[in-house]
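Only one structure is covered here, and it is reproduced in the block below.
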Amino acid sequence: MTETGPSAYERFINGIIPENPTLRQLLGMCPTLAVTNGVKPALTMAGATAFVLICANVITSLMRKLIKPHLRILVFTLTIATFVTIADRFLQAFMPEMSKVLGPYVPLIIVNCIIISRCEICGSKQGVKVALADAVGMSLGFLVALLSISIPRELLGSGTLLGLRVLPEAWPNWGVQVLPPGAFLTLGLILAFVNWYSARRAAKV
Amino acid sequence: MEYLAQLMLIAVAAAIINNFVLHYFVGICPFIGVSRKVDMAFGMGCAVTFVISIAAFLSWTFTYFIGRPGAPLTTFIWRQVAPGSTAVIDLSILNYIIFIFVIASSVQFVEMYLRRFFPPLFKAFGIFLPLITTNCAILFACLEIMKHVAGASDPAQIWGLDKALTLAIFGGIGFAIAITIMAGIREELDGCDVPKPLRGAGITLLVAGILAMAFMGFTGVDRGLETLILGK
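Residue numbers (this note's numbering), protein chains in the order written: chain L, 1 to 205; chain F, 206 to 437.
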């Protein structure tokens, strides 16, 4: 089996901006919308997802010659579910408050399409080094996307960042930003901005 | 009466007040991906409701009898293996893996069953079935049921199969309602002059935001219903 495909460095860079999992590929919308009402839950979520993504991608890459093609999705999902259980138990033990805030969204990492698509596209086809670089790049891309939504939401919704007061006390909190509609509106506008910016850059070149 | 009222409160809360898509953000992928045409969206909604009830039934059975602290079946087996032991057996660490396994296999079985016995129905929503495996709405319903079965501190508070199925079916109906409304709006949007960067997912998300605001208007309906039915 010859292995062709992008090199480790290309995979790494692609994940952060050019093929950003959330903003360009529209994957993993559920946690993106649900946990971004504050920067702290967003960071925790990005960390947990990164752990699962990196472990699952490396393990899939190690097993790639053993997996039968028609069973691969099942193998991916069970691998992911195992690591999600570990991450969930870890959060419950060491960050019980954060675990309560994130609630069902930690186990929902299992069905996060980012992870399964990386296992399918990269992990099951390329070597460990490339898979690791790919997973780290994608995790950073996911972190960038989560921060780009959670920072405006927390700033406008409660005038704070990471729980610290940033805007003056007189700031009228935009209540809608911390409620579900704020998530949809912010992500919609950020997607519009990304599309506008990339179209403008493409037109210049 | 009180029993019916409880079920009804769970149903209304799952379908409308805490709508799966617009309040919990689960099932966003099909909500954006399969909401271009009303009939497709409705088919997807029906397929999800169908699978969600089967998965909820299976996962409730697993959680209740095996995957909770002090579950009857595990305790029984442990007593056979180690007579005289009084340890509380907790297999809930296996829950996530079992749930995803249950969902994947029930989707497979539903697909085979429909293809064999209801070909027209299979033609109508067969294409959605593989997509449903990674639909977070299904896993979310299983997790909510698990929270009320394995996480209940008071044994009297543990949900029975009736409540679990009510939550799952009406959660699915809520998903169907949301995705059908969305598809209706998107069909009308085809005739509108949407700014170029917003086309596609952008405008869909903005519309979903406004829909979510509309659904927030239902907050408190459950309390009102409770007073109405029970006369408290």
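By construction, the Cβ of each residue, glycine as well, lies at the ideal position given by its N, Cα and C atoms.
- Neighbours of E349 (chain F) across chain L, judged by C-beta separation under 9 Å: P104.
- Contact between V226 (chain F) and A383 (chain F) holds, with the beta-carbon distance rounding to 4 Å and staying under 8 Å.
- The DSSP-derived three-state label of L209 (chain F) is helix.
- Under the three-state reduction of DSSP, R165 (chain L) is assigned to strand.
- Residue burial annotation: S61 (chain L) is buried, with at least 16 other C-beta atoms found within 10 angstroms of its C-beta.
- Per DSSP, the continuous alpha helix (DSSP H) segment holding Q177 (chain L) begins and ends at G175 to V178.
- Counting only runs of 4+ residues, the alpha helix (DSSP H) found wholly inside the region 33-67 of chain L occupies 39-63, in chain order.
- If only complete runs of 4 or more residues are kept, the region 357-422 of chain F shows the alpha helix (DSSP H) at 366-394 and 406-421, in order along the chain.
- For P181 (chain L), the closest Cβ of chain F is nearer than 8 Å.
- Between the alpha carbons of V426 (chain F) and I222 (chain F) lies a gap of roughly 8 Å.
- When secondary structure is reduced to three states using DSSP, T22 (chain L) falls in the coil class, being assigned neither helix nor strand.
- Listed along chain F, the residues sitting closer than 7 Å to A192 (chain L) by beta-carbon distance are P402, L403 and G407.
- The beta-carbon separation of T32 (chain L) and T22 (chain L), rounded to 5 Å, stays under the 8 Å limit for a contact.
- Close partners of L187 (chain L) in chain F (Cβ separation under 8 Å): L410.
- Taking a cut-off of 8 Å on C-beta distances, the region 6-16 of chain L touches the region 131-138 of chain L, as three or more cross pairs fall below it.
- Within 7 Å of the CB of G272 (chain F), no CB atom of chain L is found; the nearest one sits about 12 Å away.
- In the three-state scheme derived from DSSP, where H, G and I count as helix and E and B as strand, T160 (chain L) is classed as strand.
- Taken through DSSP and simplified to helix, strand or coil, A246 (chain F) comes out as helix.
- Of the candidates L:G127, L:V84, L:E120 and L:R89, L:V84 places its Cα closest to the Cα of I109 (chain L).
- DSSP, read as helix, strand or coil, puts V128 (chain L) in helix.
- Within the region 10-37 of chain L, contact with chain F at the beta-carbon level (separation under 7 Å) is assigned to L26, M29, C30, L33 and A34.
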